[in-house]
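Q:
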Amino acid sequence: MRIPLEWLREYVDIKKSPKEIADSFTLLGLMLDKIDGEVLSLEHRMDRSDWLSVLGCARDLAAFEKLNLILPPLHTQKGKAPGKNQIVNIDVECPDKVRRFNTRVFRNIKVKPSPDWLKNRLELYGIPAINNIVDITNYVMVELGQPMHAQDLAKMEKQEIVIRNAKKTDAITTLLGENIELDESMFVLTQNDKPTVIGGIVGGESTGINEKTTDIVLDAGNYDQVNIRKTSRKIKIQNESVLRYDKFLHPKLTEIAIQRTAYLILELAGGEYFENIDWYPDKTPLKELTLRKTRLDKIGGMDIKLSTAKEILDSLGYKIRNESSDQISVEIPYFRTDVEVEDDLVADVLRINSYEKVPSKIISGAPPKEISTPIYAFEDKLRNLCVNLGLHEHITIPLVKKKGVSGEVVLENALSSERNALRTTIRETLLPVVSTYKKHKISDIGLFEIGKVYKDNKEENILEIYHKDPKPILSALLREFGIGWKDFNKIGSISLDSITIKTEKLMNSRGVGNRVVTELKNYSTEDFSFVLKQEQQFGDVYYEIKNFHGKIVNVEVLETRELSKNEKSVHVRITYSTSDTSKIREDLLSKLKKVHNVNLR
Amino acid sequence: MLEQAKKIRQEFKEDLQNIQNKDELYLKYFSKKRGVIPQLFKEIASFDQNKRREAGAVLNKLKTEIETKLKNESEIHIETTTDFTSPSPPPNIGMAHPTIQVAREMNEFFRYYGFSVVEGPEIETAEYNFRKLNLPEDHPATDLQDTLFIKEPDLLLRTHTSSVEARVLSTQKPPIRVVTPGRCYRNETPNASNAAFFWQYQGFVVDEGITIQHLKGTLEEFHKFLFGDDVKLRFRYKYYPEVSPGMGVDMLCKFCRGNGCDPCKHRGWFEILGSGMIHPTILENCGIDPEKYTGFAFGMGLDRLAMQRFGINDIRKLYEGDMIYT
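Residue numbers (our numbering), protein chains in the order written: chain A, 26 to 626; chain B, 469 to 794.
#1: Is there a C-beta anywhere in chain B that falls below 8 Å from the one on glycine 326 (chain A)?
#2: Take valine 435 (chain A) and list the residues in its own chain whose beta-carbon comes closer than 6 Å to its own, dropping the five residues that flank it on each side.
#3: Would you check if the distance between the CB atom of arginine 772 (chain B) and the CB atom of proline 658 (chain B) is smaller than 8 Å?
#4: Could you have a look at tyrosine 669 (chain B) and say whether DSSP puts it in helix, strand or coil?
#5: Could you tell me the distance, in whole angstroms, from the CA atom of glutamine 488 (chain B) to the CA atom of phenylalanine 555 (chain A)?
#6: Using a Cβ cut-off of 9 Å, which residues of the segment 432–447 of chain A contact any Cβ in chain B, in chain order?
#7: So with CB distances below 7 Å, who are the chain A contacts of serine 499 (chain B)?
#8: Expressed to the nearest angstrom, what Euclidean distance is found between the alpha-carbon atoms of phenylalanine 703 (chain B) and lysine 600 (chain B)?
#9: Rounded to the nearest angstrom, what separates isoleucine 476 (chain B) and threonine 606 (chain A) at their Cα positions?
#10: Based on the DSSP secondary-structure assignment, which residues constitute the bridge partners of leucine 625 (chain B)?
#11: Helix, strand or coil for methionine 327 (chain A), going by three-state DSSP, please let me know.
#12: List, in chain order, every chain A residue whose beta-carbon is nearer than 9 Å to that of proline 643 (chain B).
#13: Output needed for asparagine 114 (chain A): all residues of its chain with C-beta closer than 6 Å, excluding positions within five of it in sequence on either side, in chain order.
#14: For isoleucine 470 (chain A), which residues of its own chain have a beta-carbon under 6 Å away from its beta-carbon, when the five flanking residues on both sides are left out?
#15: Could you say which of A:Asn438, A:Lys571, A:Leu424 lies nearest to arginine 452 (chain A) if we only look at CA atoms?
#16: Do the segment 35–42 of chain A and the segment 76–92 of chain A make contact, defined as three or more Cβ pairs closer than 8 Å?
#17: Within this structure, are the beta carbons of valine 79 (chain A) and valine 167 (chain A) separated by less than 8 Å?
#18: In this structure, what does DSSP give as the bridge partners for threonine 585 (chain A)?
#19: Would you decide whether arginine 320 (chain A) is buried or exposed? Buried here means 16 or more other CB atoms lie within 10 Å of its CB.
#20: Going along the chain, which residues of its own chain have a beta-carbon closer than 6 Å to the beta-carbon of aspartate 307 (chain A), five neighbours each way excluded?
#21: Contact criterion: CB-CB distance below 8 Å. Does asparagine 727 (chain B) meet it with respect to chain A?
#22: If we ignore side chains and look at the alpha-carbon of each, how far apart do isoleucine 475 (chain A) and glycine 342 (chain A) end up?
#23: By the 10 Å Cβ neighbour count, where 16 or more other Cβ atoms means buried, how is histidine 465 (chain A) classified, buried or exposed?
#24: Quick check: the Cα distance between leucine 612 (chain B) and arginine 73 (chain A), rounded to an integer number of angstroms?
#25: Aspartate 328 (chain A): buried (16+ other C-beta within 10 angstroms of its C-beta) or exposed?
#26: So, at 7 Å on beta carbons, what are the nonlocal neighbours of glutamate 752 (chain B) in its own chain, with the 5 sequence-adjacent residues on each side left out?
#27: Could you check the C-alpha separation between arginine 735 (chain B) and tyrosine 479 (chain A) for me, to the nearest Å?
#28: Can you tell me whether alanine 191 (chain A) is helix, strand or coil according to DSSP?
#29: Can you give, in chain order, each stretch of the alpha helix (DSSP H) that sits fully within the segment 323–409 of chain A and has at least 4 residues?
#30: Kindly give me the distance between the Cβ atoms of alanine 473 (chain B) and leucine 538 (chain B), rounded to whole angstroms, as I take these residues to be in contact under 8 Å.
#31: Taking the continuous beta strand (DSSP E) assigned at methionine 768 (chain B), which residues delimit it?
#32: What do you get for glutamine 263 (chain A), buried or exposed, if any count of 16 or more other CB atoms within 10 angstroms of its CB means buried?
#33: Taking only beta-carbon atoms, is tyrosine 270 (chain A) less than 8 Å away from chain B?
#34: Determine contact between the segment 587–594 of chain A and the segment 557–567 of chain A, defined as no fewer than three beta-carbon pairs at a distance below 8 Å.
#35: Does the structure place the segment 102–111 of chain A close enough to the segment 294–306 of chain A that three or more beta carbon pairs sit under 8 Å?
#36: Any beta carbon of chain A sitting closer than 8 Å to that of lysine 474 (chain B)?
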């Protein structure tokens, strides 16, 4: 929201510098984006529709600075009663999209350029000046936050405004000369069944105001904000009107805005002012809320007097309905559509009182029950292991191009067709990192990622390792968790340059991999050379040896050699925690022969 | 034999002075096959008893003497030509991802204060990502976080780690102290500061007697831990649908100390996180009585902190494979 300070000062007589004013705005919730000379740009958050108006911003500033708010003059008297054939008929055929459609008619006005003060303010805000009528409607929109709209009565084929759902055949040409196609989800203002305005979003050129205009119909509509938001996205129009209409505005705002517009038109364009139809079948009531002193204390943790709270709420425009020693009931003003619960009143009191006055406190008391996710700590341990093994951790984006494999998780609304599904392996997103290293002339590299893969709308935790020689890495991991090769098949896989481990399974099947030795034992070693078929997996044999006898403490593979096309030899060193090995050896060799058909060379 | 021992002692002395390799020297004197001393022991085996005893004593003395000297490293000076000033390639040390390093540091702080570290699913339902968090579908705030849907409108990739908050509050009873680091997704066209994939760090506390003062105090201590005792924070009102009252937190720009410079976009402050008192509707949605319990929550991006610490200027470098470690 851009706030020309000269405009702001019309409502709040503040003497501070632009920087100081910006600081106050920032503290109370309107953070400064930038100061542009005498214009502040404040970041807007979506809940406060009144912060899209200069008066709304001024109101909070006045409350924060404990200054008076000066309201702009309104024309509160009713307009003349229209003659029978002077009424512009209003008909709403889509009441689900329209809450109120408030109209007036002005006749014999003089359309001309606006006075300089008005032009300057609009231009500082960022809206070009056109003529007094168009400028006034824009001015009131920025001042009060209610978009306004005027049409030239002479250009209307019928003295009526009918609001109905759009049809596929409808099309509208905007004032900018853009052709827009419509559909049934949208609604339009029509006359003689011809669309003149896309409801709440943009007007057509056919009934626009120019110097020849003398009679106008003015409308202030109140529409369903969700519909406006969806339509504006669909037709890709974002403008000052949409900015305000896609928030919830209270229908009451149309009354104030019309009174203000009438004041300015009669002041700057003259003419006669007529009542017209105010279509408002279901009144939206103003809500009431009660603020309890106990609640204020419970959230703020400090003693703010109820009288202070009352002052603050009053300065923000709340009407005090009831008060007692321990609570205040207020009517929520029409411009505060964001206020829903008691804690929102607490928020108003605390922020206008300033957060800077809130003391700091450390949480105390015994720590609650530990509910950490076990896999998180376990994966962190795995991460340490990998780092200790010299591997670098990378995190890659799981969004990939759809492959069309079964179980793949595909996104319905991805912006890019290169990233419209979730990965089924980490390898596919980790490998590009390897080539980045290669580009940097680093080829001797080990990488890992701890992440997820996605299948059938479920996710699975995975540790993926890339390394040119993954076997020693895997051996180290398995040793750490006391897991044999046989069990590894159930928790992961290894290839020539990678290891994939399902971390949850590893966590659940891990044993104790104690590598600490404190007693010197009477160790002895024996070397064996086994002959295996080429296709035979030595892992099974290894596992068998390792677990064969309690006194076999280590099995080391020294060498694997190809003997012929069909056979290989594996040279193994077995360490015993005894020197009396003959019986164990005999039994082992016969078991290996029997179960695995493995012989000594 | 005495003569021989004397000669050997002298030879050893010279050897020790010109030593190149300790193991070789050891083998020269003690190798079972060809070592000088075992050879002598072999020789005296054929001596008659008296002579053997005498020679044995001399030999044993010599053996102990040489052994001791060889064992006592400090007496051995190996002449060396190594130039220590010439750098060697360092051994390979693995590195954890920058984002993880930052998250670990934060965990360290919160673990100290008794927080649990909780993870939740990335494939999430609208129930936990929006509805329980006071974010109904037509809420304007849902525009902020354009969602990547797997099956519209109910199955999606979580847009924030607040979904974990909704899950924890729905299953645990207060007192609760939890932090939750995690991957999040948004339907955004990536640029240098926003990406479709990013990391968030969320924390929340629910207990009796929790006030906005605890939120302020916790965040102050936390930032002192991360950035040092002279860190200065600014607390201002900010709206988030998940909280009421909401609170935005900024850190005084360390470059200009608040005077305004390019890095802080001339604001003097860096926006660092969003926070507030957990909205009573959320507590209610999750089955916690908001009259009895209150709580605070905060959430921040991990990426920007990691980028700051490691001098990375584009969020895409963090996760798109364009970053290497040396």
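Beta carbons: idealized from backbone N, C-alpha and C, even for Gly.
A: Working from what's here:
#1: Mapped onto the first sequence, residue 326 (chain A) falls at position 301. Judged by the 8 Å Cβ criterion, glycine 326 (chain A) is in contact with chain B.
#2: For the purposes of this step, residue 435 (chain A) is taken as the residue at position 410 of the first sequence. Cβ neighbours of valine 435 (chain A) beyond the five flanking positions: Lys427, Ala446.
#3: In the second sequence, counting from the first residue as 1, residue 772 (chain B) sits at position 304. In the second sequence, counting from the first residue as 1, residue 658 (chain B) sits at position 190. Contact flag unset, no.
#4: The count along the second sequence starts at 1 and reaches residue 669 (chain B) at position 201. In the structure shown, tyrosine 669 (chain B) sits in a strand (DSSP, three-state: E or B).
#5: Mapped onto the second sequence, residue 488 (chain B) falls at position 20. Mapped onto the first sequence, residue 555 (chain A) falls at position 530. Straight-line Cα distance between these residues: approximately 41 Å.
#6: Val434, Val435, Leu436, Glu437, Asn438, Ala439, Leu440, Ser441, Arg444, Leu447
#7: Residue numbering aside, residue 499 (chain B) sits at position 31 when the second sequence is read from its first letter. Near serine 499 (chain B) there are no residues of chain A at all, since even the closest Cβ is about 22 Å away, more than 7 Å.
#8: Sequence index remark: in the second sequence, residue 703 (chain B) carries index 235 (1-based). Sequence index remark: in the second sequence, residue 600 (chain B) carries index 132 (1-based). Each residue's alpha carbon lies about 27 Å from the other.
#9: On the second sequence, residue 476 (chain B) is found 8 positions in, with the first residue counted as 1. On the first sequence, residue 606 (chain A) is found 581 positions in, with the first residue counted as 1. C-alpha separation (whole angstroms): 43 Å.
#10: Counting from 1 along the second sequence, the entry for residue 625 (chain B) is found at position 157. Answer is B:Ile591.
#11: As a working mapping, residue 327 (chain A) is identified with position 302 in the first sequence. Here methionine 327 (chain A) sits in coil by DSSP.
#12: Locating residue 643 (chain B) in the second sequence gives position 175, where the first residue counts as 1. Gly390, Ala391, Pro392, Pro393, Lys394, listed in chain order.
#13: Here residue 114 (chain A) corresponds to residue number 89 of the first sequence, with the count starting at 1. Within the same chain, asparagine 114 (chain A) has close Cβ partners Glu185.
#14: Here residue 470 (chain A) is taken as the residue at index 445 of the first sequence, counted from 1. Counting only Cβ-Cβ distances below 6 Å, and skipping sequence neighbours, we find Tyr462.
#15: Numbered from its first residue, the first sequence carries residue 452 (chain A) at position 427. It is A:Leu424 whose Cα lies nearest to the Cα of arginine 452 (chain A).
#16: yes
#17: Residue mapping note: residue 79 (chain A) aligns to position 54 of the first sequence, counting from 1. Residue mapping note: residue 167 (chain A) aligns to position 142 of the first sequence, counting from 1. Cβ atoms of valine 79 (chain A) and valine 167 (chain A): closer than 8 Å.
#18: For the purposes of this step, residue 585 (chain A) is identified with residue 560 of the first sequence, where counting begins at 1. Answer is A:Val595.
#19: Your numbering for residue 320 (chain A) matches position 295 in the first sequence. Arginine 320 (chain A) is buried by the Cβ-count criterion.
#20: Locating residue 307 (chain A) in the first sequence gives position 282, where the first residue counts as 1. Contacts found: none.
#21: In the second sequence, residue 727 (chain B) corresponds to position 259, counting from 1. No, its Cβ sits nowhere closer than 8 Å to a Cβ of chain A.
#22: What you label residue 475 (chain A) is simply residue 450 of the first sequence in a count that begins at 1. What you label residue 342 (chain A) is simply residue 317 of the first sequence in a count that begins at 1. In a straight line, the C-alpha of isoleucine 475 (chain A) is about 54 Å away from that of glycine 342 (chain A).
#23: By 1-based counting over the first sequence, the position of residue 465 (chain A) is 440. Exposed.
#24: Residue numbering aside, residue 612 (chain B) sits at position 144 when the second sequence is read from its first letter. Residue numbering aside, residue 73 (chain A) sits at position 48 when the first sequence is read from its first letter. Confidence at leucine 612 (chain B) is low in this model, with a pLDDT of 48, below 50, so its placement is unreliable and the value that follows should be read with caution. Near 15 Å, if we compare the C-alpha coordinates of arginine 73 (chain A) and leucine 612 (chain B).
#25: Residue 328 (chain A) sits at position 303 when you count from the first residue of the first sequence. It counts as exposed.
#26: For the purposes of this step, residue 752 (chain B) is taken as the residue at position 284 of the second sequence. Cβ within range, chain order: Pro758.
#27: The residue given as residue 735 (chain B) occupies position 267 in the second sequence. The residue given as residue 479 (chain A) occupies position 454 in the first sequence. Rounded to the nearest angstrom, the two C-alpha atoms are 42 Å apart.
#28: Indexing the first sequence from 1 puts residue 191 (chain A) at position 166. In the structure shown, alanine 191 (chain A) sits in coil (DSSP, three-state: anything other than H, G, I, E or B).
#29: 331–340, 367–377
#30: Your numbering for residue 473 (chain B) matches position 5 in the second sequence. Your numbering for residue 538 (chain B) matches position 70 in the second sequence. With 8 Å as the limit, alanine 473 (chain B) and leucine 538 (chain B) do not qualify as a contact, their Cβ atoms being about 17 Å apart.
#31: For the purposes of this step, residue 768 (chain B) is identified with residue 300 of the second sequence, where counting begins at 1. 762–769 is the extent of the beta strand (DSSP E) around methionine 768 (chain B).
#32: Sequence index remark: in the first sequence, residue 263 (chain A) carries index 238 (1-based). Exposed.
#33: Sequence index remark: in the first sequence, residue 270 (chain A) carries index 245 (1-based). It does not; no Cβ of chain B falls within 8 Å.
#34: yes
#35: yes
#36: In the second sequence, the residue the question calls residue 474 (chain B) occupies position 6. No, its Cβ sits nowhere closer than 8 Å to a Cβ of chain A.
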